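Visitor:
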Amino acid sequence: MSFASGESDRMIAAMLMDCVVAAVDTTASPPVVRVRAGEWTSAWVRWHSVAAGKARNWRVPSLGEQGKLFSPSGNPAMGTFIPGLYGDAGPPPDNRDHVEVWRFDDGGSLVYDWQANSYSITLPTGTVTIKVGGTVATVTDSAVTVVSGDIGLTGNVTITGPLTVTGDINGAGKIIDAGGNTANHKH
Numbered sequence: 000m001s002f003a004s005g006e007s008d009r010m011i012a013a014m015l016m017d018c019v020v021a022a023v024d025t026t027a028s029p030p031v032v033r034v035r036a037g038e039w040t041s042a043w044v045r046w047h048s049v050a051a052g053k054a055r056n057w058r059v060p061s062l063g064e065q066g067k068l069f070s071p072s073g074n075p076a077m078g079t080f081i082p083g084l085y086g087d088a089g090p091p092p093d094n095r096d097h098v099e100v101w102r103f104d105d106g107g108s109l110v111y112d113w114q115a116n117s118y119s120i121t122l123p124t125g126t127v128t129i130k131v132g133g134t135v136a137t138v139t140d141s142a143v144t145v146v147s148g149d150i151g152l153t154g155n156v157t158i159t160g161p162l163t164v165t166g167d168i169n170g171a172g173k174i175i176d177a178g179g180n181t182a183n184h185k186h
């Protein structure tokens, strides 16, 4: 086999390579990974994201995560890594065709089931914060806090436990205790 033919075969073989993440540098601009295929380790290469325009996604490939090194020129140093092949580093988090699932090592998950019209966010511990303008809703292990200029509740409200109020209570209806007494009841 001639050198040119051998070089051509090597370049074709290097166009698309199965590999695993060997190192990650998130401080580089842009962020990069090194990938390994057998004993060979790549130069630093960029990885593909779900989106990188006006809408952007950030997810760092995990060490050991399987993927493909895509090198159209046949030069792996000029390639980019496509993460996300299921394997030893991470099996599929679900097998239903009507859900989108993100599962994390700490036990947290994001699950959207479009057949059930259900979106679940699960954290083993911690905080979920939702911000819209100056309104903030925070859910922790032991409390739900809502900060807003106005909070409206429509429908029946049941409170189990003590109610503490630091401001005025204004009502257009009656206040009746469990015994049926109102504030206007006289003895």
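If you're matching positions, the sequence shown starts at 0 in numbering that gives the first Met the number 0 and goes up one per residue. For glycine and all other residues, C-beta sits at the position ideal for the given N, C-alpha and C. This one's a predicted model, so the numbers in the text were calculated from it and none came from an experiment.
Nearest by alpha-carbon distance to F80: which of A136, P30, A177 is it?
Guide: Closest option to F80, Cα to Cα, is P30.
Visitor: Below 8 Å on the Cβ atoms is my guess for G83 versus G66; work out the distance and round it to an integer in Å.
Guide: Contact flag correct, Cβ pair sits at about 6 Å.
Visitor: So, for V49: in the same chain, excluding its five sequence neighbours on each side, which residues have a beta-carbon less than 6 Å away from its beta-carbon?
Guide: So the list reads N56, once near-sequence residues are dropped.
Visitor: Between A42 and the ligand NAP, is there a pair consisting of the residue's CB and a ligand heavy atom that are separated by less than 6 Å?
Guide: The model depicted lacks the ligand NAP and carries no ligand whatsoever.
Visitor: Since V19 and R35 should fall inside the 8 Å C-beta cutoff, what is the C-beta to C-beta distance between them, to a whole number of angstroms?
Guide: Right, the Cβ-Cβ distance comes to about 6 Å (below 8 Å), so this counts as a contact.
Visitor: Going by Cα to Cα distance, which pick from D17, Y118, A51 is closest to L68?
Guide: For the residues D17, Y118, A51, the minimum Cα distance to L68 belongs to D17.
Visitor: Do T40 and A12 come within 7 Å of each other at the CB atom, strictly closer than that value?
Guide: Going by C-beta atoms, A12 is not nearer than 7 Å to T40.
Visitor: Classify S117 as buried or exposed, calling it buried when 16 or more other Cβ atoms lie within 10 Å of its own Cβ.
Guide: S117 should be labelled exposed.
Visitor: With DSSP run on the structure shown, which of helix, strand or coil describes S7?
Guide: Here S7 sits in helix by DSSP.
Visitor: Among F2, I175, L62, which has the Cα closest to the Cα of V23?
Guide: Nearest of F2, I175, L62 to V23, Cα basis: L62.
Visitor: Helix, strand or coil for P82? Go by DSSP, reduced to three states.
Guide: Looking at P82 - three-state DSSP - the assignment turns out to be strand.
Visitor: Do you know offhand how far W113's Cα is from N180's?
Guide: The alpha-carbon atoms of W113 and N180 are separated by roughly 48 Å.
Visitor: Helix, strand or coil, according to DSSP, for M16 in the structure here?
Guide: In the structure shown, M16 sits in a strand (DSSP, three-state: E or B).
Visitor: From the DSSP output, in three-state form, read off A171 for me.
Guide: It is coil, neither helix nor strand.
Visitor: I need the DSSP call for F2, collapsed to helix, strand or coil.
Guide: Reduced to three states, the DSSP call for F2 is helix.
Visitor: May I ask you to report which of helix, strand or coil DSSP gives A76?
Guide: Helix, per DSSP.
Visitor: Between which two residues does the beta strand (DSSP E) holding T102 run?
Guide: The displayed chain sequence assigns Arg, not Thr, to residue 102. Looking at the DSSP string, the run of the beta strand (DSSP E) that includes R102 is 98-102.
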